[in-house]
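K.L.:
Numbered according to the working numbering, the sequence shown spans residues 424 to 947.
A virtual CB, placed ideally from N, CA and C, is assigned to each residue, including glycine.
Keep in mind it's a predicted model, so treat the numbers as computed, not measured.
Handing you this structure, nothing more for now.
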Amino acid sequence: MTEQNTAGTSADTLIRLSAAELAGKLAAGEVTAVEVTQAYLDRIAAVDGLVNAYLHVNAEEALAVAAEVDAIRAAGGAEAEALHVLAGVPIAVKDLIVTVGQPTTAGSKILEGWHSPYDATVVERLRAAKMPILGKTNLDEFAMGSSTEHSAYGPTRNPWDLDRIPGGSGGGSAAAVAAFEAPLALGTDTGGSIRQPGAVTGTVGVKPTYGSVSRYGAIAMASSLDQIGPVTRTVLDSALLHQVIGGHDPRDSTSLPDPLADLVAAAKTGNVEGLRIGIIKELHGEGYQAGVEYRFNDALELLKEAGAEIVEVSCPNFQYALGAYYLIMPSEASSNLAKFDGVRYGLRVLPEDGPMTIERVMGATRAAGFGDEVKRRIILGTYALSAGYYDAYYGSAQKVRTLVQRDFDAAFEQADVLISPTAPTTAFPLGEKLDDPLAMYLNDVATIPANLAGVPGLSLPGGLADEDGLPVGIQLLAPAREDARLYRVGAVLESLLEAKWGGPLLAQAPELAAAVTLETQEAK
Ligand code: GLN
Numbered sequence: 424m425t426e427q428n429t430a431g432t433s434a435d436t437l438i439r440l441s442a443a444e445l446a447g448k449l450a451a452g453e454v455t456a457v458e459v460t461q462a463y464l465d466r467i468a469a470v471d472g473l474v475n476a477y478l479h480v481n482a483e484e485a486l487a488v489a490a491e492v493d494a495i496r497a498a499g500g501a502e503a504e505a506l507h508v509l510a511g512v513p514i515a516v517k518d519l520i521v522t523v524g525q526p527t528t529a530g531s532k533i534l535e536g537w538h539s540p541y542d543a544t545v546v547e548r549l550r551a552a553k554m555p556i557l558g559k560t561n562l563d564e565f566a567m568g569s570s571t572e573h574s575a576y577g578p579t580r581n582p583w584d585l586d587r588i589p590g591g592s593g594g595g596s597a598a599a600v601a602a603f604e605a606p607l608a609l610g611t612d613t614g615g616s617i618r619q620p621g622a623v624t625g626t627v628g629v630k631p632t633y634g635s636v637s638r639y640g641a642i643a644m645a646s647s648l649d650q651i652g653p654v655t656r657t658v659l660d661s662a663l664l665h666q667v668i669g670g671h672d673p674r675d676s677t678s679l680p681d682p683l684a685d686l687v688a689a690a691k692t693g694n695v696e697g698l699r700i701g702i703i704k705e706l707h708g709e710g711y712q713a714g715v716e717y718r719f720n721d722a723l724e725l726l727k728e729a730g731a732e733i734v735e736v737s738c739p740n741f742q743y744a745l746g747a748y749y750l751i752m753p754s755e756a757s758s759n760l761a762k763f764d765g766v767r768y769g770l771r772v773l774p775e776d777g778p779m780t781i782e783r784v785m786g787a788t789r790a791a792g793f794g795d796e797v798k799r800r801i802i803l804g805t806y807a808l809s810a811g812y813y814d815a816y817y818g819s820a821q822k823v824r825t826l827v828q829r830d831f832d833a834a835f836e837q838a839d840v841l842i843s844p845t846a847p848t849t850a851f852p853l854g855e856k857l858d859d860p861l862a863m864y865l866n867d868v869a870t871i872p873a874n875l876a877g878v879p880g881l882s883l884p885g886g887l888a889d890e891d892g893l894p895v896g897i898q899l900l901a902p903a904r905e906d907a908r909l910y911r912v913g914a915v916l917e918s919l920l921e922a923k924w925g926g927p928l929l930a931q932a933p934e935l936a937a938a939v940t941l942e943t944q945e946a947k
């Protein structure tokens with residue numbers, strides 16, 4: 424039997440509502456935050472054995488926060504008035520972001536059982552908004568990967584097809600949202616780890632302007648590229664969450680001083696008339712799956728009909744972006760990961776024999792604690808930074824970075840927003856690219872330029888590819904600090920597409936239906 428709450432909404436309906444819809448019901452007193460949180464915890468218990476989106480579930484604390492919100496609402500008065508719109512709406516957090524009271528592993532054995540003594544700024548802001556934190560989500564170890572298969576805790580599976588990857592590195596956050604195990608999640612995006620998982624799971628993911636969301640408490644992968652951002656089921660939900668986590672933070676030296684324009688208002692603008700949308704010549708066509716290209720063209724057609732002006736722009740240096748990224752990112756990562764030395768955090772492994780020197784303890788700890796992909800990148804980065812090769816590799820990559828930024832500057836002279844597919848293909852089968860790092864790296868060919876230039880990017884579902892019935896992502900890019908434009912165009916495109924589909928794309932996911940059956944069977 425399905426339990427009904429006071430307003431008659433079943434738990435199954437509740438978990439399918441957007442965060443904005445949930446917020447509305449909470450404010451109207453139609454459901455309680457405890458009911459909502461419990462519905463999600465039940466869903467996690469029912470399906471996460473299949474999906475493996477969560478590394479840690481935080482039921483007790485989440486319910487306590489929900490109960491606090493309900494008590495404040497019930498009491499009414501100024502405190503109830505002052506509640507944040509998302510108060511009582513639960514959220515999942517990528518396990519690269521540190522949290523007090525829950526473990527943080529970064530998907531690595533080297534941090535197994537480690538607890539942070541402080542909260543990330545974004546987590547403090549979630550707590551201030553009284554959003555129950557459901558738990559921590561799976562990821563490729565230290566956010567290195569495009570499939571979540573590099574997690575030390577087993578892969579996450581794509582809710583659309585459990586034999587396929589959910590993207591990476593933030594596959595856990597995207598799969599949790601796609602499988603209705605959370606209405607909202609946080610991700611981190613260094614080269615595409617929010618947007619590419621969004622694309623292959625049919626969810627919305629945003630990489631904000633570099634510096635607009637604090638990185639304090641996000642375990643650093645490549646500090647000049649990393650950015651925390653929203654993972655949601657709708658564009659409006661991303662805007663709402665982005666507004667909670669964004670804004671200046673004195674503890675992050677790269678934090679921008681001024682707030683962005685109103686993102687929620689932008690998502691509600693409702694028109695794209697007269698807006699110039701630029702197709703990036705280098706980011707579609709050859710090398711992109713036919714069904715991806717087809718959906719991309721479909722989206723362009725809809726935007727044109729809605730009154731946008733479609734132009735073509737060329738960014739010739741984007742062809743070097745992937746190469747530059749795979750020098751800059753490992754270089755910064757090799758330095759950032761030096762602190763995992765068996766002395767300060769988590770795991771410590773003693774050498775089996777021979778002298779017990781500090782170097783040998785570090786060596787044994789890092790050999791046992793890091794997985795292959797992390798070791799590959801540390802070696803790559805250390806090499807690129809070494810005295811004899813610094814100029815040839817790291818130096819050249821930084822020059823390419825400047826050229827990519829200039830390409831964006833030129834493109835934004837001709838267009839207000841740029842558009843491309845988010846990823847060249849739909850979700851591939853688990854294991855397919857695991858032994859081929861270069862093939863894995865190519866997934867990020869369309870997302871990486873934004874990180875190199877610091878500009879914001881949003882991925883939203885563009886429909887299903889004809890050949891495999893799997894979700895395709897559409898990426899929108901805007902100039903730095905103009906994140907509002909992404910929400911404006913994204914929300915319009917989303918509503919045009921959903922009108923065509925007759926509802927949200929996720930309602931069509933077949934494996935989710937199978938998972939629901941499993942849940943109902945278990946409930947019997
Ligand atoms: N997939 C990319 C990589 O492996 C991006 C990772 C990320 O954005 N954290 O580096």
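What residue from V878, R674 and L473 has the CA that sits closest to R904's CA?
P.N.:
As a first step, residue 904 is located in the sequence shown; it is residue number 481 there, counting from the start. It is V878 whose Cα lies nearest to the Cα of R904.
K.L.:
Anyone know if the C-beta pair for G640 and A597 falls short of 9 Å?
P.N.:
Counting from 1 along the sequence shown, the entry for residue 640 is found at position 217. Counting from 1 along the sequence shown, the entry for residue 597 is found at position 174. Contact flag unset, no.
K.L.:
Flag this pair as yes or no: are the beta carbons of A456 and V480 separated by less than 9 Å?
P.N.:
Locating residue 456 in the sequence shown gives position 33, counting from the first residue. Locating residue 480 in the sequence shown gives position 57, counting from the first residue. For A456 and V480, no; Cβs fall outside 9 Å.
K.L.:
Measure from the alpha carbon of G560 to the alpha carbon of each residue in A543, H573 and T579, then state which is nearest.
P.N.:
Locating residue 560 in the sequence shown gives position 137, counting from the first residue. Here the sequence assigns Thr to residue 560, which means Gly is not the residue at that position. Minimum Cα distance to T560 is reached at T579.
K.L.:
Note down the Cα distance separating R466 from V654, rounded to an integer number of angstroms.
P.N.:
For this step, residue 466 is matched to residue 43 along the sequence shown. For this step, residue 654 is matched to residue 231 along the sequence shown. Going by the C-alpha atoms only, they are around 18 Å apart.
K.L.:
Is it the case that the CB of S758 approaches a heavy atom of the ligand GLN more closely than 8 Å?
P.N.:
For the purposes of this step, residue 758 is identified with residue 335 of the sequence shown, where counting begins at 1. No, since every heavy atom of the ligand GLN falls outside the 8 Å radius drawn around the Cβ of S758.
K.L.:
CB I801 to CB P844, shorter than 9 Å?
P.N.:
As a position in the sequence shown, residue 801 is number 378, starting the count at 1. As a position in the sequence shown, residue 844 is number 421, starting the count at 1. No, Cβ-Cβ distance for I801 and P844 is not below 9 Å.
K.L.:
Comparing alpha-carbon positions, which option in A873, S758, I751 and P927 lies nearest D814?
P.N.:
Translated into the one-based positions of the sequence shown, residue 814 becomes position 391. That would be I751, whose Cα lies nearest to the Cα of D814.
K.L.:
Quick check: what's the CA-CA separation for E917 versus T657?
P.N.:
As a first step, residue 917 is located in the sequence shown; it is residue number 494 there, counting from the start. As a first step, residue 657 is located in the sequence shown; it is residue number 234 there, counting from the start. When rounded, the distance between both Cα atoms is 8 Å.
K.L.:
In or out: W924 buried (at least 16 other Cβ within 10 Å) or exposed?
P.N.:
By one-based count along the sequence shown, residue 924 stands at place 501. W924 is exposed by the Cβ-count criterion.
K.L.:
For A563, verify whether its CB is less than 8 Å away from any heavy atom of the ligand GLN.
P.N.:
The count along the sequence shown starts at 1 and reaches residue 563 at position 140. In the sequence as presented, Ala is not what sits at residue 563; that position holds Asp. Because some heavy atom of the ligand GLN lies under 8 Å away, the Cβ of D563 counts as near it: yes.
K.L.:
Please list, in chain order, all residues of the same chain as V521 whose beta carbon is under 6 Å from its beta carbon, the five residues on each side excluded.
P.N.:
For the purposes of this step, residue 521 is identified with residue 98 of the sequence shown, where counting begins at 1. Correct list, in chain order: T527, S539, A543 and G640.
K.L.:
Please find out if some non-hydrogen atom of the ligand GLN comes closer than 8 Å to the beta-carbon of G614.
P.N.:
Within the sequence shown, the letter at position 191 stands for residue 614. The answer is yes for G614.
K.L.:
Going straight from the alpha carbon of G913 to that of L659, what length do you get?
P.N.:
Residue mapping note: residue 913 aligns to position 490 of the sequence shown, counting from 1. Residue mapping note: residue 659 aligns to position 236 of the sequence shown, counting from 1. Distance between the alpha carbons of G913 and L659: 9 Å.
K.L.:
Can you round the beta-carbon distance between I556 and E484 to whole angstroms, since I take them to be within the 8 Å contact cut?
P.N.:
Taking the first residue of the sequence shown as position 1, residue 556 is located at position 133. Taking the first residue of the sequence shown as position 1, residue 484 is located at position 61. Contact flag correct, Cβ pair sits at about 7 Å.
K.L.:
Between which two residues does the alpha helix (DSSP H) carrying K856 extend?
P.N.:
On the sequence shown, position 433 is the one that residue 856 refers to. Careful: K856 lies outside any alpha helix (DSSP H) and carries neither H nor E.
K.L.:
Report the residue from V623, H707 and F741 whose alpha carbon sits nearest the alpha carbon of Q828.
P.N.:
Along the sequence shown, read from residue 1 onward, the residue named residue 828 stands at position 405. Here the closest residue by C-alpha is F741.
K.L.:
For my contact list, L679 and N874 are in at a C-beta cut-off of 8 Å; report their separation, rounded to the angstrom.
P.N.:
The residue given as residue 679 occupies position 256 in the sequence shown. The residue given as residue 874 occupies position 451 in the sequence shown. At roughly 16 Å, the Cβ-Cβ gap does not stay under 8 Å, so L679 and N874 are not in contact.
K.L.:
Report yes or no: do the stretch 781-788 and the stretch 753-773 share at least 3 C-beta pairs separated by less than 8 Å?
P.N.:
Yes: at least three Cβ pairs fall under 8 Å.
K.L.:
Measuring only the C-alpha atoms, how far is E504 from I495?
P.N.:
The count along the sequence shown starts at 1 and reaches residue 504 at position 81. The count along the sequence shown starts at 1 and reaches residue 495 at position 72. Roughly 9 Å separates the two Cα atoms.
K.L.:
Who are the near neighbours of D584 in its chain, counting only those whose CB is closer than 8 Å to its CB and skipping five residues on each side?
P.N.:
Stepping through the sequence shown from its first residue, residue 584 is reached at position 161. Around D584: A850, L893, P933 and E934.
K.L.:
Is D867 near the ligand GLN, in the sense that its beta carbon is under 8 Å from a heavy atom of that ligand?
P.N.:
Position 444 of the sequence shown holds residue 867. Answer for D867: yes, Cβ within range of the ligand GLN.
K.L.:
Using 8 Å as the cut-off, can you tell me whether the stretch 561-576 makes contact with the stretch 661-678, which would need three or more C-beta pairs spanning the two stretches below that distance?
P.N.:
Because the criterion of three Cβ pairs below 8 Å is not met, the stretch 561-576 and the stretch 661-678 do not touch.
K.L.:
Please determine whether the Cβ atom of T845 lies at a distance below 8 Å from any heavy atom of the ligand GLN.
P.N.:
Numbered from its first residue, the sequence shown carries residue 845 at position 422. Checking every heavy atom of the ligand GLN against the Cβ of T845, none is found closer than 8 Å.
K.L.:
With DSSP run on the structure shown, which of helix, strand or coil describes Q821?
P.N.:
For the purposes of this step, residue 821 is taken as residue 398 along the sequence shown, with counting starting at 1. Residue state, collapsed to three classes: helix.
K.L.:
Would DSSP call R587 helix, strand or coil?
P.N.:
To locate residue 587, count along the sequence shown from 1; it is residue 164. If DSSP states are grouped into helix, strand and coil, R587 belongs with the strands.
K.L.:
Am I right that V823 and A747 are in contact with their C-beta atoms under 8 Å? What's the rounded C-beta distance?
P.N.:
Within the sequence shown, numbered from 1, the residue matching residue 823 stands at position 400. Within the sequence shown, numbered from 1, the residue matching residue 747 stands at position 324. That belief holds up - the Cβ atoms of V823 and A747 are roughly 4 Å apart, short of 8 Å.
K.L.:
Here's a check: name, in chain order, each residue in its chain whose Cβ is nearer than 7 Å to the Cβ of E921, leaving out the five neighbours to either side.
P.N.:
Position 498 of the sequence shown, counted from the start, is the residue given in the question as residue 921. These residues qualify, in order along the chain: P927.
K.L.:
I need the boundaries of the alpha helix (DSSP H) containing I801, first residue and last residue.
P.N.:
Within the sequence shown, the letter at position 378 stands for residue 801. Segment D795 to L808, the alpha helix (DSSP H) holding I801.
K.L.:
Hey, could you find the ends of the beta strand (DSSP E) A515 is sitting in?
P.N.:
As a position in the sequence shown, residue 515 is number 92, starting the count at 1. A515 -> beta strand (DSSP E) spans I514 to K517.
K.L.:
For the ligand GLN, any of its heavy atoms closer than 8 Å to the Cβ of A566?
P.N.:
On the sequence shown, residue 566 is found 143 positions in, with the first residue counted as 1. Correct: A566 has its Cβ closer than 8 Å to the ligand GLN.
K.L.:
Per DSSP, which one or two residues make a beta bridge with V480?
P.N.:
Working through the sequence shown from its first residue, we reach residue 480 at position 57. For V480, which the question treats as bridged, DSSP gives the partners G558.
K.L.:
Does DSSP put I700 in a helix, a strand or coil?
P.N.:
For the purposes of this step, residue 700 is taken as the residue at position 277 of the sequence shown. Three-state result, I700: strand.
K.L.:
Between the alpha carbons of G591 and D435, how many angstroms are there, rounded?
P.N.:
Translated into positions along the sequence shown, residue 591 becomes position 168. Translated into positions along the sequence shown, residue 435 becomes position 12. Between G591 and D435, the C-alpha separation is close to 28 Å.
K.L.:
Could you tell me the distance, in whole angstroms, from the CA atom of A552 to the CA atom of G610?
P.N.:
If you number the sequence shown from 1, residue 552 lands on position 129. If you number the sequence shown from 1, residue 610 lands on position 187. Computed Cα separation, rounded: 18 Å.
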